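Everything on this sheet refers to the single structure shown next.
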Amino acid sequence: MGKNFSVLWIFYKKLIIPTILFSFLLVFLFSLNVQTFGLSIVLIFPLLHYFIYELRLKNEYHFYAHFGFSRIFLWGITLSFSVAVKILIGFL
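Just so we're aligned, residue 23 is where the sequence shown starts under our numbering, counting upward by one.
What follows is the structure, encoded as structure tokens:
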């Protein structure tokens, strides 16, 4: 189970760090509030997933499939995580 988390971390660290940085950049540039930060995560996180893994690194899905993570599963986690962060930020 620990191996699965480390493989998922390899996948998502290419997405989480730029998503948070771009979201903070949008909030600071346009003087937006916390709600907009959550919305930007909902939009940027799947968008980066698409650009990085569907267009640029398309063949990396084979590596993750070897560990049992399908493309649909990884997309599901991406969308679930972004919506969960939006809901969590909505309570702030």
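Glycine residues also receive a C-beta, built at the ideal position from the N, C-alpha and C atoms. Quantities reported herein were computed from a predicted structural model and do not represent experimental measurements.
Review point. Taking the alpha helix (DSSP H) that A99 falls in, what are its first and last residues?
Key: Numbered from its first residue, the sequence shown carries residue 99 at position 77. It should be pointed out that residue 99 corresponds to Ile in this sequence rather than to Ala. Per DSSP, the unbroken alpha helix (DSSP H) holding I99 starts and ends at R93 to G112.
Review point. Since K108 and L48 are thought to touch, with beta carbons under 8 Å apart, how far apart are those beta carbons, to the nearest angstrom?
Key: In the sequence shown, the residue the question calls residue 108 occupies position 86. In the sequence shown, the residue the question calls residue 48 occupies position 26. The pair is not a contact, with the Cβ atoms about 14 Å apart (cut-off 8 Å).
Practice item. Could you tell me which uninterrupted alpha helix (DSSP H) segments, each at least 4 residues in length, are contained entirely in the region 54-92, listed from first to last along the chain? Key: Those alpha helix (DSSP H) runs which fall completely within the region 54-92 and span 4+ residues are 56-71 and 83-88.
Point to revise | Rounded straight-line distance, which links the Cα of V29 to that of K36 | key: As a first step, residue 36 is located in the sequence shown; it is residue number 14 there, counting from the start. As a first step, residue 29 is located in the sequence shown; it is residue number 7 there, counting from the start. Rounded to the nearest angstrom, the two C-alpha atoms are 12 Å apart.
Review point. When burial is assigned at 16 or more other CB atoms within 10 Å of the CB, is I39 buried or exposed?
Key: Here residue 39 corresponds to residue number 17 of the sequence shown, with the count starting at 1. So I39 counts as exposed.
Check your understanding: If you draw a straight line from the alpha carbon of R93 to that of K80, how long is it in whole angstroms?
Key -> On the sequence shown, position 71 is the one that residue 93 refers to. On the sequence shown, position 58 is the one that residue 80 refers to. Cα to Cα, R93 sits roughly 10 Å from K80.
Exercise for review: Apply the 10 Å Cβ neighbour rule to H71 and answer buried if 16 or more other Cβ atoms are within range, or exposed otherwise.
Suggested key: Here residue 71 is taken as the residue at index 49 of the sequence shown, counted from 1. With 16 or more Cβ atoms within 10 Å of its Cβ, H71 is classed as buried.
Exercise for review: Figure out for me which residue from Y86, I66, I74 and L110 has the closest Cα to the Cα of L43.
Suggested key: Working through the sequence shown from its first residue, we reach residue 43 at position 21. Ranking Y86, I66, I74 and L110 by Cα distance to L43 puts I66 first.
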